[in-house]
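Numbering (the UniProt record's numbering), first residue to last: 1 to 158. Have a look at the structure below, then the notes.
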């Protein structure tokens with residue numbers, strides 16, 4: 001409940017207050033332009049950092065390691081994108097803070113044990129799927145043959 005209160009009541013009130021203050025100082029059109037520009041710049045930065053994070057994750061997977069930090073950073077970049085696309089100066093500030101690698105890593109360190117990333121095993125009880133575990137799983141054999149079937153070949157051609 002406190003999170004919902006924060007998201008739907010407190011943050012919009014902060015944004016409205018900031019819009020009024022900034023609009024009073026620089027005018028309405030420059031304020032709107034500033035919001036649009038920060039969203040565009042934010043999207044470009046997220047794209048750039050997202051690709052870099054994806055490449056680091058692929059490298060770690062190729063080395064046989066779980067890319068846990070990269071996965072968490074990817075989630076944080078998605079949250080940063082949501083903040084930057086939400087019109088407002090407060091959410092833009094939060095989004096840009098999540099785009100800075102140092103602050104992102106500091107947040108990961110601060111959250112510490114609250115963040116868990118587990119690899120799903122390919123089989124066995126720790127996760128994943130083992131054939132025969134499910135009552136709807138059937139085992140069987142099949143054979144593909146390219147021999148003509150009489151019922152299909154005897155139909156008239158169009």
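Ideal Cβ positions, reconstructed from N, Cα and C, are used throughout, including at glycine.
Say yes only if the C-beta of residue i is nearer than 8 Å to one or more non-hydrogen atoms of the ligand GTP, and no if none qualify.
i          : result
residue 87 : Absence of the ligand GTP is noted for the structure shown, with no ligands found whatsoever.
State yes or no: is the C-beta of residue i within less than 9 Å of the C-beta of residue j?
i           : j          : result
residue 101 : residue 65 : no
Using 10 angstroms around the beta-carbon of residue i, count the other beta-carbons present and answer buried if the total reaches 16, otherwise exposed.
i           : result
residue 57  : buried
residue 63  : exposed
residue 8   : exposed
residue 76  : buried
residue 104 : buried
residue 31  : buried
residue 131 : The predicted position of residue 131 is uncertain, since its pLDDT is 39 and thus under 50; a value taken from the coordinates is nonetheless stated next. Answer is exposed; the Cβ neighbour count stays below 16.
residue 67  : buried
Roughly how many angstroms separate the alpha carbons of residue i and residue j, rounded to a whole number?
i           : j           : result
residue 87  : residue 36  : 8 Å
residue 78  : residue 143 : 46 Å
residue 95  : residue 112 : 20 Å
residue 164 : residue 60  : There is no way to answer for residue 164, as the model of the chain reaches only from 1 to 158.
residue 5   : residue 17  : 17 Å
residue 39  : residue 92  : 8 Å
residue 26  : residue 13  : 20 Å
residue 115 : residue 28  : 41 Å
residue 19  : residue 55  : 38 Å
Can you find the residues in the same chain that come closer than 6 Å, C-beta to C-beta, to residue i, ignoring five residues on each side of it along the sequence?
i           : result
residue 15  : 88, 90
residue 53  : 70, 73, 74
residue 108 : 72
residue 23  : 31
Near residue i, which residues of its chain fall below 8 Å by C-beta distance, leaving aside the five closest residues on each side in sequence?
i           : result
residue 46  : 77, 80, 81, 84, 99
residue 43  : 81, 84, 85
residue 133 : Confidence at residue 133 is low in this model, with a pLDDT of 46, below 50, so its placement is unreliable and the value that follows should be read with caution. Here the set comprises nothing.
Spatial neighbours of residue i within its chain, please: C-beta separation below 7 Å, excluding the five flanking residues on both sides.
i         : result
residue 3 : none
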